[in-house]
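Visitor: If you're matching them up, the sequences are chains W and E in order. Residues in the first sequence are numbered consecutively from 1, following UniProt numbering. Residues in the second sequence are numbered consecutively from 1, following UniProt numbering.
Protein chains: 2
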Amino acid sequence: MELSERQKAIIEIVKANEPISGDKIAESLGLTKPTLRSDLAVLTMTGVLDARPKVGYIYSGLSFEPLLHEQLFETKVEALMTPSIIVFPKTTVRDATTSLFMYDSGSLYVTDETTGDLIGLVSRKDLLRSLLNNQDNDLSVAVIMTRMPNIIVSYPEMSVLEAGRLLTKHEVDSLPVVEIKGSKKVIGKISKTRIMEHFIKMGSERN
Amino acid sequence: MELSERQKAIIEIVKANEPISGDKIAESLGLTKPTLRSDLAVLTMTGVLDARPKVGYIYSGLSFEPLLHEQLFETKVEALMTPSIIVFPKTTVRDATTSLFMYDSGSLYVTDETTGDLIGLVSRKDLLRSLLNNQDNDLSVAVIMTRMPNIIVSYPEMSVLEAGRLLTKHEVDSLPVVEIKGSKKVIGKISKTRIMEHFIKMGSERN
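1) Alpha carbon to alpha carbon, how far is residue 207 of chain W from residue 3 of chain E?
2) With C-beta atoms as the reference, is residue 77 of chain W less than 7 Å away from residue 163 of chain W?
3) Leaving out five residues before and five after residue 181 of chain W in sequence, what residues of the same chain have Cβ atoms less than 7 Å from its Cβ?
4) Going by CA-CA distance only, name the one from E:185, E:72, E:148, E:59 that's closest to residue 114 of chain E.
5) Quick check on the burial criterion: 16 or more other C-beta atoms within 10 angstroms. Buried or exposed for residue 103 of chain E?
6) Determine the DSSP secondary structure at residue 117 of chain E, reduced to helix, strand or coil.
7) From E:176, E:158, E:159, pick the residue whose C-alpha is nearest to that of residue 151 of chain E; which is it?
8) Could you spell out the range, first to last residue, of the alpha helix (DSSP H) harbouring residue 193 of chain W?
9) Give the list of continuous alpha helix (DSSP H) stretches no shorter than 4 residues that lie fully inside the stretch 59-103 of chain E.
10) Give me the chain E residues within the contact set of residue 263 of chain W, using Cβ-Cβ distance strictly less than 7 Å, ordered along the chain.
11) Using CA atoms only, rank isn't needed, just tell me which of W:191, W:95, W:73 is closest to residue 139 of chain W.
12) Could you tell me the alpha carbon to alpha carbon distance between residue 6 of chain W and residue 37 of chain E, rounded to whole angstroms?
13) So residue 196 of chain W contacts chain E; which residues on that side make the cut at Cβ distance below 9 Å?
14) Does the stretch 45-63 of chain E come within contact of the stretch 6-22 of chain E, defined as at least 3 CB pairs closer than 8 Å?
15) Once the 5 residues before and after residue 119 of chain E are set aside, which same chain residues still bring their CB inside 6 Å of it?
16) Quick one: list the residues of chain W neighbouring residue 61 of chain E, beta-carbon separation under 7 Å, in chain order.
17) Quick one: does residue 88 of chain W have its CB under 7 Å from some CB of chain E?
18) On the CB-based measure, 16 or more other CB atoms within 10 Å of its CB, does residue 192 of chain E come out buried or exposed?
19) In the structure shown, what three-state DSSP assignment does residue 34 of chain E receive?
20) Within the present structure, is the beta-carbon of residue 117 of chain E separated from the nearest heavy atom of the ligand SAM by less than 6 Å?
21) When DSSP labels each residue in this structure, what does residue 46 of chain W get in the three-state scheme?
22) I want to verify the contact list: residues of chain W whose CB lies under 7 Å from the CB of residue 214 of chain E, in sequence order.
23) Measuring alpha carbon to alpha carbon, tell me which of E:19, E:17, E:107 ends up nearest residue 270 of chain E.
24) In chain order, what residues of the same chain lie with their CB nearer than 6 Å to the CB of residue 187 of chain W, ignoring the 5 residues before and after it?
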């Protein structure tokens, strides 16, 4: 659903002149009031305009409601990704756990020291399991990490809906974001936390 | 925005008789076509009805789009909460960590053995910190838990929007759900994971 040019013009007139009667709006547009009846009905029904008896039309401050779906679900990962914390295969479990606390991150991405390519992922859960089972905190993360190609990745152009589906399907807390589809260069991460915050922020702005 | 009774009646008539002309709809309702013009404009603009030239009105199969906001954000915590994993203050860090893996949970709620009241919360992060810093896995969770009243709780009637705001504001992964507002009886938990899944599910159903 998209507003017509005439409906958009009505909104601008109301914004500039509120409260304004239907007759005045029609006059501004050089049209008759009956011609505008359907447009005004659509604009008040969708909550863009308020119609106050004996006062006139007022702009509600709400943007056009049905755009909601697009804003909510088609937002790109690019707009929501956060910096990723990188460690190397030789990093010890102890040092990795310390990094995780230092940056308050849920997972660490392991890249090759030479090429910079993503080769593994270590989650809070992986570290917890390792610390519970081993006395040896000097174990390297390479031993406990999940390895490529078993890591699900995202890329900047992916929609938040698609990223959320992958997080849900694979039951992980975040996805590494790689430069472009097929690349192994990590440029950030997209987490459940960020996705939930996105939805909550959108919902809060509209109330 | 809510549909009027007349608009709902129009939808039912179209569903039963599609394709149907505006004149026929007016006839069914005992009204004139000009009377219905605004209603038909609202229903076609919002995508509930399709108006096909020389054919008539057809039901699009879409539910009423602007209800989206309500379904998305006003869903109650009750509908989304999951079972909580309970431990007691004397439970050791080792046993608590094992429970966390067994139930694949992000956090454990600590209740009083006698009263059943919520007295604390232990997160994956709390356990990880304890295991990293102590050799003693026989420490009791009472020593490391976050204590009431420093725990933010939810209740069944809370909206998902409000629960999400609390999770975001307090930077936690889940909230214990108590019986009613003010109670200390835990009946479940509401997590970031479940809230994100709710939004992703809603977005997927509408595509």
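Backbone N, C-alpha and C fix where the C-beta goes; we use that ideal spot for every residue, glycine too. Values in this document were obtained by computation on a predicted structure and should not be read as measured data.
Guide: So, to answer that:
1) Locating residue 207 of chain W in the first sequence gives position 207, where the first residue counts as 1. Locating residue 3 of chain E in the second sequence gives position 3, where the first residue counts as 1. Below a pLDDT of 50, predicted positions are generally treated as unreliable, and residue 207 of chain W, at 45, falls in that range; no measurement from the model is reported.
2) Residue mapping note: residue 77 of chain W aligns to position 77 of the first sequence, counting from 1. Residue mapping note: residue 163 of chain W aligns to position 163 of the first sequence, counting from 1. Closer than 7 Å, so yes.
3) On the first sequence, position 181 is the one that residue 181 of chain W refers to. Hits under 7 Å: 155.
4) Taking the second sequence and counting its residues from 1, the one referred to as residue 114 of chain E is at position 114. Of the listed residues, the one whose Cα sits closest to residue 114 of chain E is E:185.
5) For the purposes of this step, residue 103 of chain E is taken as the residue at position 103 of the second sequence. Within a 10 Å sphere around the beta-carbon of residue 103 of chain E sit fewer than 16 other beta-carbons, which makes this residue exposed.
6) Within the second sequence, residue 117 of chain E is the residue found at index 117, counting from 1. Correct three-state label for residue 117 of chain E: strand.
7) One-based indexing of the second sequence puts residue 151 of chain E at position 151. The candidate whose alpha carbon is nearest that of residue 151 of chain E is E:176.
8) Position 193 of the first sequence, counted from the first residue, corresponds to residue 193 of chain W. Looking at the DSSP string, the run of the alpha helix (DSSP H) that includes residue 193 of chain W is 192-205.
9) As far as the stretch 59-103 of chain E is concerned, its whole alpha helix (DSSP H) runs of at least 4 residues are 68-73, 77-80, 93-102.
10) In the structure as shown, chain W starts at 1 and stops at 207, and residue 263 of chain W therefore has no counterpart that could be examined.
11) Within the first sequence, numbered from 1, the residue matching residue 139 of chain W stands at position 139. Selected option, being the one with the closest Cα: W:95.
12) In the first sequence, residue 6 of chain W corresponds to position 6, counting from 1. In the second sequence, residue 37 of chain E corresponds to position 37, counting from 1. Spanning the two alpha carbons is a distance of roughly 17 Å.
13) Residue mapping note: residue 196 of chain W aligns to position 196 of the first sequence, counting from 1. For residue 196 of chain W, the chain E residues whose Cβ falls inside 9 Å of its Cβ are 164, 167, 168, 192, 193, 195, 196, 199, in order along the chain.
14) With a cut-off of 8 Å, the stretch 6-22 of chain E and the stretch 45-63 of chain E count as touching, because enough Cβ pairs lie within range.
15) Your numbering for residue 119 of chain E matches position 119 in the second sequence. Closer than 6 Å at the Cβ level, and outside the excluded window around residue 119 of chain E, lie 110, 112, 148.
16) Within the second sequence, the letter at position 61 stands for residue 61 of chain E. Chain W residues near residue 61 of chain E: none, gap ~15 Å exceeds 7 Å.
17) Counting from 1 along the first sequence, the entry for residue 88 of chain W is found at position 88. Not closer than 7 Å to any Cβ of chain E, the Cβ of residue 88 of chain W fails to qualify, so no.
18) If you number the second sequence from 1, residue 192 of chain E lands on position 192. For residue 192 of chain E, the number of other beta carbons within 10 angstroms of its own is at least 16, and it is reported as buried.
19) Stepping through the second sequence from its first residue, residue 34 of chain E is reached at position 34. Three-state result, residue 34 of chain E: helix.
20) With respect to the ligand SAM, the structure offers nothing, as it holds no ligand at all.
21) The residue given as residue 46 of chain W occupies position 46 in the first sequence. Look at residue 46 of chain W here: in three-state DSSP terms it is coil, with no helix or strand label.
22) What is shown of chain E runs 1 to 207, which leaves residue 214 of chain E out entirely.
23) An answer regarding residue 270 of chain E cannot be provided, because it is not within the stretch 1 to 207 covered by chain E.
24) The residue you call residue 187 of chain W lines up with position 187 of the first sequence. Excluding sequence neighbours, residue 187 of chain W sits near 177, 179.
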